[in-house]
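Colleague:
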Amino acid sequence: MRRASHLSLELQRIGDASVVSARGDIDLSTVAKAAEAIAAARANRGSVYLDLREVGFMDTSGLRLIIEEQQHTAAHGYGFRVFPGPPNVQRLFDIAGLAGDEGLFADPSRLPSAGGSG
Amino acid sequence: MLASIDEVTDGTVLLGETVARLLEYVVPAFADVATLDTISHEGVFRRIGSRVEGPGREELEKGLLRRRPVPEAPIGLPAALASGESQLIERMTDEHLRAIAADEADFELLRALELRSTLDVPLVARGRIVGALACGVGTSGRDYGPEDLRFAEVLSARLALALDNASLSAAVSGLELRLEATLTNLAEAVIVRDAAARIVFANPAAARLLGVASANEITEALPGSLMALYDVFDERGRRLELSDLPSAIVARGEEAGPLLVRNVVRATGQQRWLLHKATPVFDRDGSLAIVVSVIEDLTEVKRAELAQRLLAEAGHALSASLEYHQSLQRVAELAVPGLADRCQVLLHVDDEGLEQVAAAGAAPDREAPEPGEARPAATDELSVAIEAVESAEARLAGRVIAAPLALAGQPPIGAIFLAMDRSGRTFDESDLVLASELGQRAAIAVENARLYAERSEIAATLQRSLLPPELPVIPGFRLAGFYQAAGEQNEVGGDFYDAFAVRGGWMVVVGDVAGRGAEAAALTSLSRYTLRTAGKLLGDPVATLEQLNAALRQGSGLSLVSVCCALLRDVDDEAKAELVLAGHPPALHLRAGRPEPAGVFAPFLGAYERGEWTPVTIHLEPGDQLVLYTDGVIDTVGEDERFGEDRLIAALRGASGAGDAVARIEDAVRSFARGPQADDIAVIAVERLSGAG
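As given, the protein sequences belong to chains E and S, one line each in that order.
Under our numbering, the letters of the first sequence match residues 11 to 128, in that order.
Under our numbering, the letters of the second sequence match residues 4 to 696, in that order.
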């Protein structure tokens with residue numbers, strides 16, 4: 011029997027910023043949960059970071075969420091960035107032509123006490 | 004005399020009678036004048052009798068009866084009452100009279116009695132002064148002396164007892180009368196049985212609850228004969244005997260808690276829910292004297308509870324499945340036997356009349372229908388159901404109820420039919436209301452199922468329209484395609500492929516719309532037809548994609564579509580494919596069986612106002628294949644992981660043509676997949692044929 015998609019999310023405040031750490035799969039069945047977590051982070055009004063380091067799989071529904079969030083934050087004047095995930099997740103950004111988007115990705119070690127896996 | 008008095012004291016005779024008879028014994032045998040007084044528990048003085056012998060007695064008796072002794076008098080009756088000691092006045096004088104007279108009129112009355120001697124004796128019983136006896140002699144010429152006093156004291160003891168008993172009985176019968184009045188007016192049924200289980204008392208409420216004409220019928224019934232009038236069941240439907248009821252259990256000396264029973268009167272089928280409670284009452288010696296049963300009518304409460312439960316369970320059954328035949332069968336089964344002996348659900352079928360689609364509880368003369376078997380309803384009952392449907396109102400006719408299956412304000416689509424056969428029960432108004440509610444809920448379920456089926460039909464039709472009717476025949480090329488929609492039948496897929504002629508060539512596209520359902524279907528439709536139209540008009544892949552991008556940007560919200568688009572051109576026998584990717588995995592170019600990714604990554608369509616999409620040109624030599632696919636292939640979920648690009652490349656290695664390429668992908672994905680997949684798959688393969696077209 012295959013395992014079902016599973017996603018767990020954690021919201022952390024680091025200074026003014028909110029970090030949503032995702033662990034598991036972001037796909038059609040779990041993307042709504044991820045959207046909720048990002049919306050909650052948004053409500054804190056600081057910069058929002060999505061940590062994909064522990065994400066095993068992401069498909070276009072996750073990508074769509076990220077593109078959406080990117081456009082929303084640009085319109086509302088605060089930052090949204092992504093901590094890169096494993097190679098298969100980053101491949102998705104490649105496919106979407108976002109690999110070189112310097113504004114999208116952030117280095118987790120740059121954020122105080124955001125380094126290291128959960 | 005004493006013996007006679009004893010006789011009087013033994014009987015349970017009324018007080019007034021007792022007093023009269025007692026005084027008859029005293030006057031004239033012992034006295035010419037006598038009065039008898041009582042003092043109640045509260046100390047209230049009451050003169051209860053007077054008797055005078057001789058002429059003018061009536062006047063004198065009346066006068067004496069009205070008279071009250073003057074409390075402060077030092078002699079005579081007042082003194083006896085005050086001290087508790089007998090008083091003897093051997094020689095009565097006017098001074099004595101004045102001492103006890105209240106006023107001049109009283110004095111004259113006393114003088115008229117011509118008293119020579121008086122005896123005043125307090126009556127003491129059970130340690131209390133219960134009254135006094137006052138005797139006087141004069142007209143007969145007798146005197147009283149000390150021996151008379153002694154006699155009077157003995158006499159008084161007897162009298163005291165007699166009075167006490169009499170007053171107690173009076174008190175008791177007064178009490179009895181009040182108790183009886185209370186019991187008669189109680190709403191609860193009260194039945195009292197003696198130690199031999201004979202019914203000694205029943206109130207009118209008992210008669211009502213048990214469905215008999217009067218309380219007398221209960222008390223006069225032979226033990227056990229009452230039970231024969233009813234069928235009695237506990238809450239679980241188990242039949243009960245008299246020995247199971249609390250009154251019988253208590254009579255056996257065991258403890259019994261309240262018992263809720265369903266009581267059906269055999270003669271009329273009338274059914275009530277009764278709560279039986281029984282309490283034993285013991286004699287002073289500890290033996291059982293009586294058993295008091297109180298029976299409460301909980302019919303309304305119980306009915307409401309059952310109705311609620313039935314509606315809740317029916318609601319559950321009806322919403323559990325869109326397969327409404329099953330749900331209706333479940334509802335029919337729920338209604339039996341709680342609500343009826345037999346239940347059928349009938350539906351209008353194609354304007355033809357009513358057909359039975361669900362049934363529970365076989366009719367006595369017919370076998371039970373198969374679940375889901377449609378059968379015309381029996382002719383004798385059909386008319387009631389038809390009436391209910393035509394009038395859109397529930398109908399009660401004898402032992403049959405028919406309620407329409409109808410949504411508010413709409414014509415009924417059928418009827419629910421309930422009947423009582425074997426159990427002998429009857430329906431009433433509240434059953435009619437319940438049947439109507441069931442009918443309404445059933446109608447909602449059926450309508451939902453029908454709408455759902457319609458929607459499925461619509462969605463399926465839409466889906467069919469989104470698939471290319473057939474892949475065109477392109478000279479010099481062979482096409483093969485494979486499409487697999489994930490999800491339920493009514494969910495239209497978000498993937499598509501298409502191939503169509505454009506100026507100077509053919510366009511082959513594969514696309515992926517994120518999401519499912521009607522919205523995704525609309526987007527799929529928009530994408531496919533925009534690409535077709537733009538492609539035919541512009542003949543250029545990048546320009547075509549830009550058109551779709553603009554169209555998507557015009558919509559509200561973020562609509563993302565990924566597309567892989569290839570323009571096939573055959574110029575001077577040289578086949579070229581101009582390939583553009585938009586948010587899409589690379590196409591695979593197979594040369595000599597070796598797959599190589601092709602295309603430049605670029606943004607999704609609909610993501611940004613402006614984007615840069617970069618074409619690449621691929622030379623297709625005879626035997627070459629170009630395979631376009633959606634990410635559903637590589638995202639396919641297997642036992643432990645996803646299919647992935649590497650597996651796809653491996654599956655295609657050595658493919659001999661378009662058909663083979665597509666077949667290999669289909670096989671590889673099918674054998675890899677575990678469980679239902681979340682994403683659609685669309686694959687289109689183009690093969691350059693050898694030998695010029």
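For each residue, glycine too, the CB sits at the ideal point set by N, CA and C.
Since we're looking at a predicted model, the values are computed, not measured.
Flag this pair as yes or no: are the beta carbons of G401 (chain S) and I419 (chain S) separated by less than 8 angstroms?
Modeller: Contact: no.
Colleague: Per DSSP, what kind of secondary structure is G657 (chain S) in: helix, strand or coil?
Modeller: Reduced to three states, the DSSP call for G657 (chain S) is coil.
Colleague: Is the CB of H592 (chain S) under 8 angstroms away from at least one CB in chain E?
Modeller: It does not; no Cβ of chain E falls within 8 angstroms.
Colleague: Assuming I132 (chain S) and G59 (chain S) form a contact by the criterion Cβ under 8 angstroms, report the distance between their Cβ atoms to the nearest whole angstrom.
Modeller: That belief does not hold up - the Cβ atoms of I132 (chain S) and G59 (chain S) are roughly 32 angstroms apart, past 8 angstroms.
Colleague: Could you tell me which whole beta strand (DSSP E) segments of length 3 or greater appear in the region 543-590 of chain S?
Modeller: Whole beta strand (DSSP E) segments, 3+ residues: 564-574 and 577-585.
Colleague: What does the alpha-carbon distance come out to for the pair N206 (chain S) and A198 (chain S)?
Modeller: Cα-Cα distance, rounded: 19 angstroms.
Colleague: Less than 8 angstroms between the CB atoms is what I'm expecting for T527 (chain S) and G497 (chain S), so what's the real figure, rounded?
Modeller: At roughly 6 angstroms, the Cβ-Cβ gap stays under 8 angstroms, so T527 (chain S) and G497 (chain S) are in contact.
Colleague: Identify whether G128 (chain E) lies in helix, strand or coil by the three-state DSSP scheme.
Modeller: Here the model assigns G128 (chain E) a pLDDT of 39, short of 50, so the residue's position is not dependable, and the following value carries that caveat. G128 (chain E) falls in the coil class under three-state DSSP.
Colleague: If you measure from the beta carbon of R650 (chain S) to each beta carbon in chain E, is any gap under 8 angstroms?
Modeller: No, R650 (chain S) lies away from the interface with chain E (no Cβ there is under 8 angstroms from its Cβ).
Colleague: Pop quiz: D237 (chain S) and L243 (chain S) are said to be a contact at Cβ under 8 angstroms. What is the actual Cβ separation, rounded to whole angstroms?
Modeller: Going by Cβ atoms, the distance from D237 (chain S) to L243 (chain S) rounds to 6 angstroms, so yes, they are a contact pair.
Colleague: Would you tell me roughly how many angstroms separate the C-alpha atoms of R650 (chain S) and G641 (chain S), rounded to the nearest one?
Modeller: Their backbone Cα atoms lie some 12 angstroms apart in a straight line.
Colleague: Ignore the nearest five residues each way along the sequence and tell me which others in V352 (chain S)'s own chain have a CB closer than 6 angstroms to its CB.
Modeller: Excluding positions up to five away in sequence, the list reads E358.
Colleague: Give, in chain order, every residue of the region 666-691 of chain S whose Cβ lies closer than 8 angstroms to some Cβ of chain E.
Modeller: Under the 8 angstroms Cβ criterion, the region 666-691 of chain S contributes R677, G678, A681 and D682.
Colleague: To which residues of the same chain is S143 (chain S) closer than 6 angstroms at the C-beta, ignoring the five residues directly before and after it?
Modeller: D35, listed in sequence order.
Colleague: State the DSSP-derived secondary structure class of A338 (chain S), mapped to helix, strand or coil.
Modeller: Helix at A338 (chain S).
Colleague: Would DSSP call N206 (chain S) helix, strand or coil?
Modeller: If DSSP states are grouped into helix, strand and coil, N206 (chain S) belongs with coil.
Colleague: Which residue or residues does DSSP assign as beta-bridge partners of H279 (chain S)?
Modeller: DSSP output for H279 (chain S) lists S:L262 and S:I298 as bridge partner(s).
Colleague: How would you call E549 (chain S), buried or exposed, if buried means at least 16 neighbouring beta carbons within 10 angstroms?
Modeller: So E549 (chain S) ends up on the buried side.
Colleague: Does any residue of chain E have a CB that is nearer than 8 angstroms to the CB of F604 (chain S)?
Modeller: So yes, F604 (chain S) belongs to the interface.
Colleague: Let me see if you follow: with CB-CB separation under 8 angstroms, is R645 (chain S) close to chain E or not?
Modeller: It does; some Cβ of chain E falls within 8 angstroms.
Colleague: Which of the three DSSP states is assigned to A411 (chain S) in this structure?
Modeller: Three-state result, A411 (chain S): coil.
Colleague: What is the DSSP secondary structure of V22 (chain S), reduced to helix, strand or coil?
Modeller: Helix, per DSSP.
Colleague: Kindly list the residues whose CB is nearer than 6 angstroms to the CB of S426 (chain S), restricted to its own chain and excluding five residues on each side of it in sequence; keep chain order.
Modeller: Excluding positions up to five away in sequence, the list reads D344.
Colleague: Helix or strand or just coil, what does DSSP make of Y147 (chain S)?
Modeller: Three-state DSSP puts Y147 (chain S) in coil, outside helix and strand.
Colleague: Do you know how far the Cα of R91 (chain E) is from the Cα of A27 (chain E)?
Modeller: If I take the Cα positions, the gap works out to 11 angstroms.
Colleague: Is the Cβ-Cβ distance between L561 (chain S) and E79 (chain E) less than 8 angstroms?
Modeller: No. Outside cutoff.
Colleague: Distance check for Q413 (chain S) and I105 (chain E), CA to CA, integer angstroms please.
Modeller: Approximately 54 angstroms between the Cα atoms of the pair.
Colleague: Just to make sure I have the definition right: I need the residues of chain E whose C-beta is within less than 9 angstroms of the C-beta of D498 (chain S). Which are they?
Modeller: What D498 (chain S) touches in chain E: nothing, since even the nearest Cβ is about 11 angstroms away.
Colleague: Quick check on the burial criterion: 16 or more other C-beta atoms within 10 angstroms. Buried or exposed for V284 (chain S)?
Modeller: Label assigned to V284 (chain S): exposed.
Colleague: Pick out the complete alpha helix (DSSP H) segments inside the region 53-108 of chain S, 4 residues or longer, and give them in chain order.
Modeller: 60-69, 79-86 and 97-103, all fully within the region 53-108 of chain S.
Colleague: Whole angstroms is fine: what's the gap from V193 (chain S)'s alpha carbon to I389 (chain S)'s?
Modeller: If you take the alpha carbons of V193 (chain S) and I389 (chain S), they lie about 46 angstroms apart.
Colleague: Given a cut-off of 8 angstroms, decide if R673 (chain S) and L655 (chain S) are closer than it, judged by their beta-carbon atoms.
Modeller: Not a contact, by the Cβ cut-off of 8 angstroms.
Colleague: Alpha carbon to alpha carbon, how far is A395 (chain S) from L454 (chain S)? Give it in angstroms, no decimals.
Modeller: Rounded to the nearest angstrom, the two C-alpha atoms are 22 angstroms apart.
Colleague: For T41 (chain S), which residues does DSSP report across the bridge?
Modeller: T41 (chain S) is bridged to S:R49 and S:G134.
Colleague: Contact defined as beta carbons within less than 8 angstroms: I believe A610 (chain S) pairs with L563 (chain S). What is the distance between those atoms, to the nearest angstrom?
Modeller: The Cβ separation is near 6 angstroms, so the contact holds.
Colleague: Can you tell me which of S:A524, S:G130, S:L180 and S:L278 puts its alpha carbon nearest to the alpha carbon of V304 (chain S)?
Modeller: When each option's Cα is compared against that of V304 (chain S), the closest is S:L278.
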